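Participant:
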Amino acid sequence: MDSARERLLNELMAADFTLIDLNLYLNTHPYDQRAISLFNSNVQRAKALRQNFERLYGPLTPMTQSKCPWQWIEDPWPWQ
Amino acid sequence: MYMKKPFDPMEMTQYKFPVLPTYPKLAHAYVPFQYMKNVYNPMEGLARGTIFPELDRPYGMDPEYTVDA
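Here it is in structure tokens:
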């Protein structure tokens, strides 16, 4: 996997992790406006990163639109 | 005499919970309430396993809570 691709994937994983941690915090702090703002801005960021990655390197899940031929089976796989 | 107060959302917005109740009861367990302060940036959070510096306590750092150090 080339390094630009890996860097972008790492950034997306980090953005998703931030969302998971804020999700857990907000479950017990549902009125924390600051945490909600932070969550919302991170949703935007993660969404942009995901779209950017998928536009450049193909789908991360088989839940997005595909060109022909079917892109899901294209190399490299996540572990390659 | 302890009286249960009705749920008040406005009070929740302030999060004015004390760390422990004024009169902690014997044989009751209490967890201090967390207040979000600054958080790590996403890359640092992923590396540390939490975005909250106050929860960032890797096992083995505190000898008192380490059994096999």
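Protein sequence lines correspond, in order, to chains A and R. Numbered according to our numbering, the first sequence spans residues -2 to 77. Numbered according to our numbering, the second sequence spans residues 364 to 432. Ideal placement from N, C-alpha and C gives every residue a C-beta, glycine not left out. Owing to the predicted nature of the structure, the values given are computational and were not obtained by experimental measurement.
Is there a Cβ of chain R sitting closer than 8 Å to that of Tyr22/A, yes or no?
Facilitator: yes
Participant: For the alpha helix (DSSP H) that contains Met406/R, what are its first and last residues?
Facilitator: 405 to 411
Participant: Measure from the C-beta of Leu383/R to each C-beta in chain A and report whether the shortest distance is under 8 Å.
Facilitator: no
Participant: When DSSP labels each residue in this structure, what does Thr429/R get in the three-state scheme?
Facilitator: coil
Participant: So what does DSSP say about Gln77/A, is it helix, strand or coil?
Facilitator: coil
Participant: Just to confirm my understanding: we take Gln397/R, look at its own chain, exclude 5 residues before and 5 after, and list those with CB closer than 8 Å. What are they?
Facilitator: Phe415, Glu417, Leu418
Participant: In chain order, what residues of the same chain have a beta carbon less than 6 Å from the beta carbon of Gln68/A, not counting five sequence neighbours either side?
Facilitator: Once the five neighbours on either side are set aside, the close Cβ partners of Gln68/A are Gly55, Pro56.
Participant: Name the residue from Leu6/A, Ser0/A, Glu71/A whose alpha carbon lies nearest to the alpha carbon of Gln48/A.
Facilitator: Leu6/A
Participant: In the DSSP assignment, the alpha helix (DSSP H) including Glu8/A goes from what residue to what residue?
Facilitator: 0 to 25
Participant: Since Lys44/A is in the alpha helix (DSSP H), which residue starts that stretch and which ends it?
Facilitator: 30 to 54
Participant: Which residues of chain R have a Cβ atom closer than 7 Å to the Cβ of Arg31/A, listed in chain order?
Facilitator: Chain R residues near Arg31/A: Met399.
Participant: Is DSSP giving Pro387/R helix, strand or coil here?
Facilitator: coil
Participant: Cβ of Met10/A less than 8 Å from any chain R Cβ?
Facilitator: yes
Participant: Between Pro416/R and chain A, is the shortest Cβ-Cβ distance under 8 Å, so that the two count as touching?
Facilitator: Interface criterion not met: the Cβ of Pro416/R is under 8 Å from no Cβ in chain A.
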